[in-house]
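Mapping of the sequence shown onto the numbering used here: residues 863 to 1100, in sequence order.
Idealized CB from N, CA, C, for every residue including glycine.
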Amino acid sequence: MGGVLKKINLYLWGEARKSFLAAHDFYVEQMQSRILSQFSDLEFEADEVAQNTFERLGRTLSYGEGDQSECAEVAYEAGISRYEALSELRHQVLLGGLAGLFHQGDKTLRHHMARELSQWCDQGEIKNKIWKLPIDDIFDVFDSCGWPVKTLSFYSSIEALQLVVNVYKHGEGRSLDMLAMKYGEYLGIEKSHQRNLENFYYDFQSLSVSDEQFYAFSVSLREFWVAMPENIYLNISL
């Protein structure tokens, strides 16, 4: 942009806030009721596989042949394998849903900012800047303009969520190390070990998020939209 500094208003009108919150709530509700609910009874499904396997093996044996205990062991292993496979699938679905929730909020914020600020700036230029700016830098801009978002109670949860999503998407790297140092609980690291990580093995496969943590993340994202001021005055170079 040019060299003239101008104060412009990022306005969040009431109906827009309601719309953002409604979209967020819908995502969370549908994630729980339509998707995660399909994994509600993994033990029952695993037991059913074990029972069906046992019966199938029994039908293939002639009278007086075979070892029933061996059939039972094979059936048990089949049930365990199904349980583990479904558990891993549920885990990946939960992480994928969490990533989608984070990116929904991230894109909503950027689109809102670009739309509002384009009233005062060159649309193409401001849009390009906002969509390239890391989310952490956007929060810094808010802080410099009088909304200290990083000091609010929900911020640490949003920061942890961003790291979780990055590890889920990219695996090893800076986000994994940051997650281990600051929010090790998502890697199975107890707080007592976070200061001495060289004695604790972890990698991207250690990533784990419970249903309770998923809900806590969703609450933090919701609190962001509730707390966002109606007016944020930004200093922009035009």
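Buried/exposed call for residue i, threshold 16 Cβ in 10 Å
i, result
"residue 1019", "buried"
"residue 1021", "buried"
"residue 906", "exposed"
"residue 951", "exposed"
"residue 1088", "exposed"
"residue 974", "buried"
"residue 912", "buried"
Sheet register partners of residue i (DSSP bridge)
i, result
"residue 1093", "873"
"residue 969", "BP columns for residue 969 are empty, so no partner."
Helix, strand or coil at residue i [DSSP, three-state]
i, result
"residue 878", "helix"
"residue 1008", "coil"
"residue 1018", "helix"
"residue 1062", "coil"
"residue 1051", "coil"
"residue 999", "helix"
"residue 984", "coil"
"residue 1030", "helix"
"residue 1070", "coil"
"residue 1045", "coil"
"residue 962", "helix"
"residue 1035", "coil"
Residue j beta carbon less than 8 Å from that of residue i
i, j, result
"residue 936", "residue 922", "no"
"residue 1081", "residue 1048", "no"
"residue 873", "residue 1007", "no"
"residue 1017", "residue 1042", "no"
"residue 1038", "residue 1066", "yes"
"residue 889", "residue 966", "yes"
"residue 903", "residue 941", "no"
"residue 960", "residue 1071", "yes"
"residue 980", "residue 991", "no"
Which complete alpha helix (DSSP H) runs does the stretch 879 to 933 hold, if anything under 4 residues is left out? Annotation: the stretch 879 to 933 contains the following complete segments of the alpha helix (DSSP H) (minimum length 4 residues), in chain order: 904 to 921.
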